[in-house]
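Below is one structure, written out as structure tokens, with a few remarks after it.
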Amino acid sequence: MSGGAIAFMAISWTFVLSLTAWSFAKLLTDKKHFDPDGIGPESPPEPPHAKKKTK
Amino acid sequence: MAGNAVGLGNFLRFPRQAAANGGGSYMIAYFIALLLLGIPLMWIEWGVGRNGGRYRKGHLPGMFAALWKHPAAKYVGVVGMVVPLGVMIYYTYIESWTLAFAIFSATKDYWGLTTQEGMIGYLRSFQGLTPAGSTPVHASYTPYAFFTVTMLINIYVLSKGISGGIEKLAKIGMPILFLFAIVLAGVVLTLPAQPGVGATPAQGLEFIYAPDFSRLGSPGIWLAAAGQIFFTLSVGMGSLQAYASYLSTKDDIALNGIATAATNETAEVVLGGSIAIPAAVTFFGVAGAMQIAQGGSFDLGFATMPVVFQQIDKTLPIGNLLGVMWFGLLFFAGITSSVSMLTPITAFFREEFGIAREKVAWTLGAVCFSIGMLHVHWLGHGFLDEWDYWVGTFGLVLVAITEVVIFVWIFKPENAWKSIHMGADINIPKIFKFIMTYVTPIYLLVILTWWGKDEALPILLNQRSAGSSSPVTDVDMPFIMISRGILLLFVVVGLILIRMAWKRNGYDDRKGFVEILTNRAEV
Chain A
0 MSGGAIAFMA ISWTFVLSLT AWSFAKLLTD KKHFDPDGIG PESPPEPPHA KKKTK
Chain B
0 MAGNAVGLGN FLRFPRQAAA NGGGSYMIAY FIALLLLGIP LMWIEWGVGR NGGRYRKGHL
60 PGMFAALWKH PAAKYVGVVG MVVPLGVMIY YTYIESWTLA FAIFSATKDY WGLTTQEGMI
120 GYLRSFQGLT PAGSTPVHAS YTPYAFFTVT MLINIYVLSK GISGGIEKLA KIGMPILFLF
180 AIVLAGVVLT LPAQPGVGAT PAQGLEFIYA PDFSRLGSPG IWLAAAGQIF FTLSVGMGSL
240 QAYASYLSTK DDIALNGIAT AATNETAEVV LGGSIAIPAA VTFFGVAGAM QIAQGGSFDL
300 GFATMPVVFQ QIDKTLPIGN LLGVMWFGLL FFAGITSSVS MLTPITAFFR EEFGIAREKV
360 AWTLGAVCFS IGMLHVHWLG HGFLDEWDYW VGTFGLVLVA ITEVVIFVWI FKPENAWKSI
420 HMGADINIPK IFKFIMTYVT PIYLLVILTW WGKDEALPIL LNQRSAGSSS PVTDVDMPFI
480 MISRGILLLF VVVGLILIRM AWKRNGYDDR KGFVEILTNR AEV
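Just so you know, the sequences run in chain order A and B.
Each residue of the first sequence is one higher than the last, beginning at 0 in numbering that gives the first Met the number 0.
Each residue of the second sequence is one higher than the last, beginning at 0 in numbering that gives the first Met the number 0.
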């Protein structure tokens, strides 16, 4: 295989596999619900480091 | 949802599209279409569907009317019933090929045919397209029989409902298909070079991924990439919306939407790209694979994989069993997709006319069966190609553009964004709000204009046929006109039914529907 083909294949596979791994990791492990009441968020969730600072 | 998205498009249509449209450069256009069209539209369709579910609407006429309090909204939604119905009819026909090849594998019917000519001749014989003067291998009733059985299975599953039918199929079939595809990809990628051909599976991968940047300036690549993204993600078919209408506002659609798209892309790019093309190149060479790929959107897998199974059988005598599993699993993957296509129109009859699911399913089945038989009978006259073009290509973009305009522009971007985030497990990056509002609709409009100018108009004027660049022949012309006439009839009947439904239920277009307090799934 040529270098270009290997590069395209590597980028394509990495992209889709990373996206799948990330989304399933979130689905299976992240129990924290962004909008638990289902009425829509007022504002985006605070990042974890911002919460620590307020404490 | 993933069961609906993963289907024949991943393993049969994608490799052919990639190979025929410039390999690596096609992949660039493909991923741009995924990011700017596929993923945003996935969220939009789930959002449209779930919002419709709040008013107990599982069909696009009702969903659009819930978003846009205007008398025209419900009529615009007719595309969301005609397009999936049209696609389902010919998709089921292709699906019946996988069932047939599963049986042919079990009986070793194609055993001994290992050349390109042999397998193409076998496929054409099954399709009833054996050239004059040659003797067909199959009895003339064979494709009709398989189509009948396939349609009966589809309608039976539909009549049992979503939780009773499709979910069970998807839960069992999808993981098995994934695992089997991984094993099969491993087998194909380690195939030795064949005597007399000299090509290897690595050359097949090179064939798909080698970049040819000169082709990025061709509109064809961008159109083909967008078309594949629509087809593979089941976007523009009304079925994602119908499923999402069963979700409550406490259910996540943001993370599940991206997970569905990602699962489908893994099946397509990683597995779909590693099976049919590398196998075709190994057994028939690059020129042979290209020739088969240009013969038809779905031909490659049917002409190539039987040879792979025969090759495996030489060292491990389970080749026919693998053939049964491969085509059988594709058949089940196809069923989850095709059944979902009838879900919106079933919801329409159930919700607006109060007709029982089983009655709707079998009545629709009778219509689909009758018209599907025309596809089987007139395949050689461009009937299917014409149909595929108007509903399977043009129609999908039309549905997508109407829902983007209504959900994002008319319903307002702020409301759409908030709606998608209801019950969300993730916060979607804000750039996608800009993409949904401006980039996706402009991208769709450009595609629609491009298609209109370069393809739709010449095809409509019969200057070229939908399946090839050659003009429509006098012999094929009546079949093409019947094909268009039936589609037009679908639209007219759909509009009349929508009018009847609104009148029957006394809906006020300006006031909208009354929101229900319980989720549809709980009713």
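Built from N, CA and C at the ideal position, the CB exists for glycine as well.
#### Entry: Test item: CB-CB of B:Trp204 and A:Met0 under 9 Å
Sequence index remark: in the second sequence, residue 204 of chain B carries index 205 (1-based). Sequence index remark: in the first sequence, residue 0 of chain A carries index 1 (1-based). One detail in the question is off: residue 204 of chain B reads as Leu in this sequence, not Trp. Yes, these two residues count as a Cβ contact at 9 Å.
### Query
Roughly how many whole angstroms lie between the Cα atoms of B:Val5 and B:Leu176?
Here residue 5 of chain B corresponds to residue number 6 of the second sequence, with the count starting at 1. Here residue 176 of chain B corresponds to residue number 177 of the second sequence, with the count starting at 1. If I take the Cα positions, the gap works out to 10 Å.
### Message
Runs of 3 residues minimum, wholly inside the region 320-401 of chain B: which ones carry the beta strand (DSSP E) assignment?
### Response
none
### Task
For B:Ile427, I'd like the list of residues in its chain whose CB is within less than 6 Å of its CB, leaving aside the five on either flank, ordered along the chain.
Position 428 of the second sequence, counting from 1, holds the residue named residue 427 of chain B. Cβ within range, chain order: Ala253.
### the region 412-427 of chain B: positions lying closer than 8 Å to chain A by Cβ
Lys417, Ser418, His420, Met421, Gly422, Ala423, Asp424, Ile425 and Asn426
### Query
Excluding sequence positions up to five away, which residues of its chain have a Cβ less than 6 Å from the Cβ of B:Phe212?
Indexing the second sequence from 1 puts residue 212 of chain B at position 213. Closer than 6 Å at Cβ, skipping near neighbours: Ser24.
### Task
Could you check if B:Leu151 is buried or exposed, using at least 16 other CB atoms within 10 Å of its CB as the buried criterion?
What you label residue 151 of chain B is simply residue 152 of the second sequence in a count that begins at 1. Looking at its Cβ environment, which holds fewer than 16 other Cβ atoms inside 10 Å, B:Leu151 is exposed.
### Message
Here's the rule: buried if 16 or more other CB atoms are within 10 angstroms of the residue's CB, otherwise exposed. What is B:Pro83?
### Response
Reading the second sequence from its first residue, position 84 is the one you call residue 83 of chain B. It counts as buried.
### Per-residue contacts from A:Leu26 into chain B (C-beta, under 7 Å)
Here the question's residue 26 of chain A lines up with position 27 in the first sequence. Result: Leu254 and Ala258.
### Query
What residues in its chain sit with their C-beta under 7 Å from that of B:Gly505, if we drop five residues either side in the sequence?
Against the second sequence, residue 505 of chain B aligns to sequence position 506. If we look at B:Gly505 and ignore the five residues flanking it on each side, it has no Cβ neighbours.
### Message
Is there a Cβ of chain B sitting closer than 9 Å to that of A:Thr53, yes or no?
### Response
One-based indexing of the first sequence puts residue 53 of chain A at position 54. Note on A:Thr53: pLDDT 48, under 50, position unreliable in the model; no value is reported.
### Message
Rounded to whole angstroms, what is the Cα-Cα separation between B:Trp325 and B:Ala260?
### Response
Here residue 325 of chain B refers to the residue found at position 326 when the second sequence is read from its first residue. Here residue 260 of chain B refers to the residue found at position 261 when the second sequence is read from its first residue. Each residue's alpha carbon lies about 23 Å from the other.
### Query
Can you tell me the Cα-Cα spacing of B:Ala346 and B:His58, whole angstroms?
The residue you call residue 346 of chain B lines up with position 347 of the second sequence. The residue you call residue 58 of chain B lines up with position 59 of the second sequence. Roughly 6 Å between the two C-alpha positions.
### Message
Per DSSP, what are the beta-bridge partners of B:Pro210 in this structure?
### Response
Numbered from 1 along the second sequence, position 211 holds the residue referred to as residue 210 of chain B. According to DSSP, which records beta bridges pairwise, B:Pro210 is partnered with B:Gly22.
### Query
Helix, strand or coil: how does DSSP classify B:Tyr11 here?
Indexing the second sequence from 1 puts residue 11 of chain B at position 12. For the record, residue 11 of chain B in the displayed sequence is Leu; it is not Tyr. DSSP places B:Leu11 in helix when its eight states are reduced to three.
### Query
By how many angstroms is the C-alpha of B:Ile207 removed from the C-alpha of B:His69?
Residue numbering aside, residue 69 of chain B sits at position 70 when the second sequence is read from its first letter. Residue numbering aside, residue 207 of chain B sits at position 208 when the second sequence is read from its first letter. Spanning the two alpha carbons is a distance of roughly 48 Å.
### Query
Between B:Ile497 and B:Pro60, which are expected to be in contact by the criterion C-beta below 8 Å, what is the C-beta distance as a whole number of angstroms?
For this step, residue 497 of chain B is matched to residue 498 along the second sequence. For this step, residue 60 of chain B is matched to residue 61 along the second sequence. Yes, they are in contact, since the Cβ atoms of B:Ile497 and B:Pro60 sit about 5 Å apart, within 8 Å.
### Query
If you drop the 5 nearest sequence neighbours on each side, which residues of the same chain put their C-beta closer than 8 Å to that of B:Gly160?
For the purposes of this step, residue 160 of chain B is taken as the residue at position 161 of the second sequence. Taken in chain order, the residues that qualify are Arg356.
#### Entry: Cβ of B:Met499 within 9 Å of any chain A Cβ
Start at 1 with the first residue of the second sequence, and residue 499 of chain B comes out as number 500. No, no contact with chain A.
### Message
Just checking: is the beta-carbon of B:Phe512 within a distance shorter than 9 Å of some beta-carbon in chain A?
### Response
To locate residue 512 of chain B, count along the second sequence from 1; it is residue 513. It does not: the Cβ of B:Phe512 has no partner Cβ on chain A nearer than 9 Å.
### Task
Compare the beta carbon distance of B:Tyr121 and B:Tyr109 with 9 Å and say whether it is the shorter of the two.
Start at 1 with the first residue of the second sequence, and residue 121 of chain B comes out as number 122. Start at 1 with the first residue of the second sequence, and residue 109 of chain B comes out as number 110. In this structure, B:Tyr109 lies closer than 9 Å to B:Tyr121 by Cβ.
### Contact check, B:Phe308 vs B:Asn319, beta carbons under 9 Å
Locating residue 308 of chain B in the second sequence gives position 309, where the first residue counts as 1. Locating residue 319 of chain B in the second sequence gives position 320, where the first residue counts as 1. The answer is yes: Cβ separation under 9 Å.
### Task
Using three-state DSSP, classify A:Gly3 as helix, strand or coil.
The sequence position of residue 3 of chain A within the first sequence is 4, counting from 1. Looking at A:Gly3 - three-state DSSP - the assignment turns out to be helix.
### Query
Among B:Ser469, B:Met476, B:Met435 and B:Trp389, which one has its Cα closest to the Cα of B:Trp450?
Walking along the second sequence from the start, residue 450 of chain B turns up at place 451. Taking only the C-alpha atoms, the option nearest B:Trp450 is B:Trp389.
### Task
Would you mind listing the alpha helix (DSSP H) stretches within the region 443-503 of chain B that are 4+ residues and don't spill past its ends, in chain order?
456-459
### Query
Taking the C-alpha atoms as reference points, what is the distance between B:Thr248 and B:Thr401?
In the second sequence, the residue the question calls residue 248 of chain B occupies position 249. In the second sequence, the residue the question calls residue 401 of chain B occupies position 402. One C-alpha to the other measures close to 23 Å.
### Query
Do you know offhand how far B:Glu44's Cα is from B:His376's?
Along the second sequence, one-based indexing puts residue 44 of chain B at 45. Along the second sequence, one-based indexing puts residue 376 of chain B at 377. Answer to the nearest angstrom: the Cα atoms are 35 Å apart.
### Contact under 9 Å by Cβ, B:Phe179 with B:Leu328
Locating residue 179 of chain B in the second sequence gives position 180, counting from the first residue. Locating residue 328 of chain B in the second sequence gives position 329, counting from the first residue. Yes, the Cβ-Cβ distance between B:Phe179 and B:Leu328 is below 9 Å.
#### Entry: 9 Å Cβ cutoff met for B:Met41 and B:Leu341
Mapped onto the second sequence, residue 41 of chain B falls at position 42. Mapped onto the second sequence, residue 341 of chain B falls at position 342. Not in contact: B:Met41 and B:Leu341 (Cβ atoms no closer than 9 Å).
### Task
Could you name the residues of the region 194-223 of chain B whose beta carbon sits closer than 7 Å to any beta carbon of chain A, in the order they occur along the chain?
Ala201, Leu204, Glu205, Tyr208, Ala209 and Pro210
### Counted within 10 angstroms of its Cβ, other Cβ atoms place B:Ile441 as buried (16 or more) or exposed
In the second sequence, the residue the question calls residue 441 of chain B occupies position 442. Looking at its Cβ environment, which holds fewer than 16 other Cβ atoms inside 10 Å, B:Ile441 is exposed.
### Task
Taking only beta carbons into account, state which residues of the region 30-42 of chain B come closer than 8 Å to chain A, listed in chain order.
Phe30
### Message
Does the CB of B:Thr265 have a neighbour CB from chain A at under 9 Å?
### Response
Here residue 265 of chain B refers to the residue found at position 266 of the second sequence. Yes, its Cβ sits closer than 9 Å to a Cβ of chain A.
### Message
To test your reading of the DSSP string, which unbroken alpha helix (DSSP H) runs of 4 or more residues are found completely within the region 69-96 of chain B?
### Response
70-75
### Query
What three-state label does DSSP hand B:Met236 in the structure shown?
Counting from one through the second sequence, the residue named residue 236 of chain B turns up at place 237. DSSP places B:Met236 in coil when its eight states are reduced to three.
### Query
Would B:Ala261 count as contacting chain A if we go by Cβ distances under 9 Å?
Within the second sequence, the letter at position 262 stands for residue 261 of chain B. B:Ala261 counts as touching chain A.
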